[in-house]
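Top line first, the protein sequences correspond to chains A and B.
Numbering-wise (our numbering), the first sequence opens with residue 263 and increments by one.
Numbering-wise (our numbering), the second sequence opens with residue 8 and increments by one.
Note that beta-carbon positions come from the ideal geometry of N, C-alpha and C, so glycine has one too.
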Amino acid sequence: MTLSSDASVIDVSEVTRTFVLRRRTGWMRRERSDVHAVRDLSFSVRAGEMVGYLGPNGAGKSTTIKMLVGILTPSAGRLRVAGLDPSRQRLRLARRIGVVFGQRSALWSDLPLRDSFDLIQRIYRIPPARYRQNLDEFIQLLDLASFIDTPVRQLSLGQRMRGSVTAAFLPEPEIVYLDEPTIGLDVVSKAAVRSFLSRTNRESGTTILLTTHDMTDVEQLCRRVMVIDHGRLGFDGTLDELRTRIGGVRTLRVDLAEPQPAMTIEGARVVRVDGARQWLEFSAQDSAAPLVSAVAARYPLVDLAVGEPAIEDIVARLYTTDRLPAVPPSRTDPDPTHPPSPVR
Amino acid sequence: MIPDRANPPPAQANLATLPAPAELAAAAAADASPRPTRLVGSLGRLGRLGRAWESARMWGAISSASARRMLRYRAAVLASIVSNIVLTVLRGHLALAVWAQRPGLAGYDSTAAVTFTVLGQSLVTTFAVFGGMIDIPWRVRTGSIEVDLVRPLGFQRWYLGLEVGRAAVYLASRALPAGIVGVLLFDLRLPRTAGAAAAFAMSLGLALLVSFGLRYLVALSAFWMTDFRGVQAVSALVMMFFSGAILPLVLFPGALGTVAALLPFGAVVQTPMDLYLGTVDDGPVRALAFQATWALVLLLAGQTLTARAIRRLVVQNG
Ligand SMILES: Nc1ncnc2c1ncn2[C@@H]1O[C@H](COP(=O)(O)OP(=O)(O)OP(=O)(O)O)[C@@H](O)[C@H]1O
Ligand SMILES: [Mg+2]
Numbered sequence: 263m264t265l266s267s268d269a270s271v272i273d274v275s276e277v278t279r280t281f282v283l284r285r286r287t288g289w290m291r292r293e294r295s296d297v298h299a300v301r302d303l304s305f306s307v308r309a310g311e312m313v314g315y316l317g318p319n320g321a322g323k324s325t326t327i328k329m330l331v332g333i334l335t336p337s338a339g340r341l342r343v344a345g346l347d348p349s350r351q352r353l354r355l356a357r358r359i360g361v362v363f364g365q366r367s368a369l370w371s372d373l374p375l376r377d378s379f380d381l382i383q384r385i386y387r388i389p390p391a392r393y394r395q396n397l398d399e400f401i402q403l404l405d406l407a408s409f410i411d412t413p414v415r416q417l418s419l420g421q422r423m424r425g426s427v428t429a430a431f432l433p434e435p436e437i438v439y440l441d442e443p444t445i446g447l448d449v450v451s452k453a454a455v456r457s458f459l460s461r462t463n464r465e466s467g468t469t470i471l472l473t474t475h476d477m478t479d480v481e482q483l484c485r486r487v488m489v490i491d492h493g494r495l496g497f498d499g500t501l502d503e504l505r506t507r508i509g510g511v512r513t514l515r516v517d518l519a520e521p522q523p524a525m526t527i528e529g530a531r532v533v534r535v536d537g538a539r540q541w542l543e544f545s546a547q548d549s550a551a552p553l554v555s556a557v558a559a560r561y562p563l564v565d566l567a568v569g570e571p572a573i574e575d576i577v578a579r580l581y582t583t584d585r586l587p588a589v590p591p592s593r594t595d596p597d598p599t600h601p602p603s604p605v606r
Numbered sequence: 008m009i010p011d012r013a014n015p016p017p018a019q020a021n022l023a024t025l026p027a028p029a030e031l032a033a034a035a036a037a038d039a040s041p042r043p044t045r046l047v048g049s050l051g052r053l054g055r056l057g058r059a060w061e062s063a064r065m066w067g068a069i070s071s072a073s074a075r076r077m078l079r080y081r082a083a084v085l086a087s088i089v090s091n092i093v094l095t096v097l098r099g100h101l102a103l104a105v106w107a108q109r110p111g112l113a114g115y116d117s118t119a120a121v122t123f124t125v126l127g128q129s130l131v132t133t134f135a136v137f138g139g140m141i142d143i144p145w146r147v148r149t150g151s152i153e154v155d156l157v158r159p160l161g162f163q164r165w166y167l168g169l170e171v172g173r174a175a176v177y178l179a180s181r182a183l184p185a186g187i188v189g190v191l192l193f194d195l196r197l198p199r200t201a202g203a204a205a206a207f208a209m210s211l212g213l214a215l216l217v218s219f220g221l222r223y224l225v226a227l228s229a230f231w232m233t234d235f236r237g238v239q240a241v242s243a244l245v246m247m248f249f250s251g252a253i254l255p256l257v258l259f260p261g262a263l264g265t266v267a268a269l270l271p272f273g274a275v276v277q278t279p280m281d282l283y284l285g286t287v288d289d290g291p292v293r294a295l296a297f298q299a300t301w302a303l304v305l306l307l308a309g310q311t312l313t314a315r316a317i318r319r320l321v322v323q324n325g
């Protein structure tokens with residue numbers, strides 16, 4: 263065993279999950295159909311990582327999380343979380359992880375929010391001093407003070423989500439899964455949740471896996487991104503790698519000393535001219551440096567700015583491209599005996 | 008103050024300067040190593056006694072939360088107090104009228120008859136002989152059951168913990184007011200000896216376990232059935248009829264009486280009542296043993312069925 267594989271807390275290898283649907287098609291006649299929610303999924307996550315798990319609706323994100331917490335068994339393949347087999351050792355694992363299921367709350371809806379936290383202290387046997395310290399910190403970071411004594415039933419979606427996040431993190435779990443933690447939240451709530459997550463990840467070393475449809479979450483939080491579609495892992499790497507891999511274009515905005523006709527530059531294309539300002543598009547794979555020097559050599563350059571391709575556009579392209587890009591050799595799984603899953 | 012609001016991190020600039028995940032993970036691992044403070048590890052320090060105490064406090068907290076949850080509905084609690092008092096008065100007078108016509112009916116004198124009526128009503132509400140009161144079917148249908156499965160506590164125990172809280176609320180808001188009014192208004196019989204009172208008190212705890220055991224099994228069937236209401240209705244009828252709340256089991260004729268005396272339902276109402284009135288034939292120990300046996304059998308059956316229900320959910324999911 264290498265050091266790196268020792269440090270991984272989540273190990274998923276060639277995991278498949280098939281749902282069998284039985285549909286009544288007539289009197290006494292039933293039709294059986296298989297839904298492949300997850301196919302041949304392999305990845306591993308190291309302690310302290312924060313991973314964004316992306317994919318369109320029905321891609322298999324929630325199914326993956328349910329398998330990781332042990333409330334769904336894989337149909338095939340092998341799963342290890344913190345050295346445990348989740349579905350067989352569900353209760354033991356439960357002490358060490360936290361989960362937030364986007365729409366489902368673990369909070370007591372009829373009781374004040376605080377009561378749910380107090381109960382968590384008892385269940386996880388959090389020492390009183392530690393509990394008070396954690397809770398005070400969470401109240402401040404997630405801005406809970408104004409509604410902590412309100413019954414959960416009366417909380418807004420965003421307030422409830424912040425409560426759920428607190429509940430998941432209070433026992434200081436090693437790993438936390440968040441299934442769409444920012445769904446339906448306003449800008450302020452989203453910002454609070456994001457900064458809380460990034461701080462906890464940074465300061466407590468908590469491993470976090472989160473699914474989201476919000477690309478800002480990913481941009482602000484996740485160094486590593488996994489993209490799943492139709493149950494298959496289509497990409498696993500950094501956001502920059504994703505940008506490069508999927509291609510797309512970057513834009514260079516240049517301000518010239520005086521208005522000029524559209525420039526002609528090798529490897530770039532002018533898409534807009536507005537007075538002395540021009541916009542050029544170039545391939546996201548290319549470096550901006552030679553382009554900039556080419557422009558500077560031939561035109562009176564005053565100012566410039568490079569625009570990255572929007573991550574939304576990239577992921578949308580990833581979902582819609584029939585030919586998914588090859589999975590890069592995973593940085594976190596150096597074991598060559600477990601090659602990344604084949605490409606569709 | 009939310010830090011992000013004042014100073015949002017520059018989204019894209021951030022990414023360019025971020026180290027690769029491998030380095031970060033290594034850094035995080037290095038950071039994490041001198042942190043012996045993870046709570047999971049800190050449990051070992053407690054002695055066995057300390058752990059038992061912590062455990063008792065936890066279950067107390069769970070039952071208390073369950074009770075407080077019901078008490079939030081003030082109007083409903085108030086209505087239940089009033090309606091149970093009214094019902095007690097009506098049923099008490101009805102019993103008196105019947106026994107005035109037919110003295111010695113069922114071997115009871117009129118005092119015993121009123122006692123049977125009022126006590127029966129209290130037991131039926133406290134132990135939810137009318138069925139249900141366990142949330143499982145709803146949670147299975149809505150998928151909230153998943154939340155129960157990520158809790159580091161046994162499934163059946165959790166629901167028993169909630170049930171204790173519920174029973175406490177029902178005892179306080181239904182049984183006690185009705186009982187007090189019964190004592191004030193009618194010539195209710197009290198347990199004859201301290202021993203009978205003690206046996207009665209013990210039988211209440213066992214009755215709760217039996218009642219929970221029965222209703223829990225019924226509730227678990229929701230894992231296998233899409234429409235749970237039929238099972239619920241039938242089971243409630245059976246439980247009510249064979250508990251001895253409607254008619255004392257001794258009045259059941261012949262074979263029906265023999266069977267009824269062996270079924271667990273009697274352990275919920277009939278047995279505590281017999282112990283209270285001192286009408287047990289073979290002494291209180293046997294009656295308590297009867298309850299305890301059924302409690303054990305039902306809870307073990309519940310445990311086995313829970314494992315199968317969860318396996319079914321986890322393997323098939325639907
Ligand atoms: N219990 C189930 N029975 C049958 N099919 C299921 C079940 N749960 C999920 N599926 C199917 O598995 C696939 C993956 O679903 P999953 O919930 O994992 O998607 P997701 O990536 O979380 O999507 P979303 O972004 O909409 O939350 C879907 O086709 C879904 O219909
Ligand atoms: Mg989902």
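CA-CA distance, residue 124 (chain B) to residue 98 (chain B), rounds to 7 angstroms.
DSSP, reduced to helix, strand and coil, places residue 374 (chain A) within a strand of the structure shown.
In summary, no residue of the stretch 548–565 of chain A has a CB separated from any CB of chain B by less than 8 angstroms. Contact of residue 327 (chain A) with chain B by beta-carbon distance below 8 angstroms is absent, the smallest such distance being about 10 angstroms.
Residue 65 (chain B) reaches chain A at 384, 385, 387, counting residues in chain order whose Cβ is nearer than 8 angstroms.
The three-state reading of DSSP puts residue 474 (chain A) in coil, since its state is none of H, G, I, E or B. Residues of chain B with a Cβ closer than 7 angstroms to the Cβ of residue 349 (chain A) are, in chain order, 321.
Here residue 444 (chain A) is buried. Its C-beta has 16 or more other C-beta atoms within 10 Å. Interface residue (Cβ-Cβ distance to chain A less than 8 angstroms): residue 172 (chain B) is not classified as such.
Taking the Cβ atoms as the reference, residue 320 (chain A) lies roughly 21 angstroms from residue 484 (chain A), outside the contact range of under 8 angstroms. Here residue 312 (chain A) is bridged, per DSSP, to A:470.
Of all alpha-carbon atoms in B:268, B:254, B:302, the one lying nearest the alpha-carbon of residue 112 (chain B) is that of B:254. Within the stretch 156–232 of chain B, the alpha helix (DSSP H) runs of at least 4 residues that lie entirely inside it are, in chain order, 162–177, 183–192, 201–227. Using a Cβ-Cβ distance cut-off of 8 angstroms, the stretch 451–469 of chain A and the stretch 379–395 of chain A are not in contact, since fewer than three pairs of beta carbons, one from each stretch, lie closer than that value. Residue-level contact check: residue 362 (chain A) does not touch chain B, since none of the beta carbons of chain B fall below 8 angstroms from its beta carbon. With a threshold of 8 angstroms between beta carbons, residue 490 (chain A) makes no contact with chain B. With fewer than three CB-CB distances shorter than 8 angstroms, the stretch 59–72 of chain B does not count as touching the stretch 86–95 of chain B. Judged by DSSP secondary structure, residue 300 (chain B) falls within the alpha helix (DSSP H) whose first and last residues are 290–323. Straight through space, the alpha carbons of residue 157 (chain B) and residue 331 (chain A) are spaced by roughly 7 angstroms.
Scanning chain B for C-beta atoms nearer than 9 angstroms to the C-beta of residue 300 (chain A) yields nothing, as the closest lies near 12 angstroms away. Per the CB criterion, closer than 6 angstroms to any heavy atom of ligand 1, the qualifying residues run in chain order as A:281, A:283, A:297, A:299, A:317, A:319, A:320, A:321, A:322, A:323, A:324, A:325, B:324, B:325. Pairing residue 222 (chain B) with residue 140 (chain B) gives a Cβ-Cβ distance under 8 angstroms. Taking 7 angstroms as the cut-off, one finds at least one heavy atom of ligand 2 near enough to the beta carbon of residue 441 (chain A). Taking a contact as a CB-CB distance under 8 angstroms, the pair residue 342 (chain A) and residue 273 (chain A) counts as one, their CB atoms being some 4 angstroms apart.
Using beta-carbon distances, residue 375 (chain A) does not count as an interface residue toward chain B, since no partner is under 8 angstroms. In terms of beta-carbon proximity, residue 356 (chain A) lines the interface with chain B, with at least one pair separated by less than 8 angstroms. If only uninterrupted alpha helix (DSSP H) runs of at least 4 residues are considered, those enclosed by the stretch 402–431 of chain A are 419–431.
Distances from the CA of residue 242 (chain B) to each of B:180, B:135, B:167 were compared; the closest alpha carbon is that of B:135.
Here residue 333 (chain A) is not bridged, per DSSP, to any residue. For residue 164 (chain B), no chain A residue has a Cβ inside 7 angstroms of its Cβ, as the nearest lies near 11 angstroms away. The Cβ atoms of residue 209 (chain B) and residue 295 (chain B) lie closer than 8 angstroms to each other. Going by beta carbons, residue 441 (chain A) and residue 489 (chain A) fall outside the 8 angstroms limit.
For the pair residue 378 (chain A) and residue 423 (chain A), the CB atoms are not nearer than the 8 angstroms cut-off. Within chain B, 72, 76 have C-beta atoms less than 8 angstroms from the C-beta of residue 370 (chain A), given in sequence order. Residue-level contact check: residue 353 (chain A) touches chain B, since one or more beta carbons of chain B fall below 8 angstroms from its beta carbon.
For residue 286 (chain B), there is no enclosing beta strand (DSSP E), as DSSP marks it with neither H nor E.
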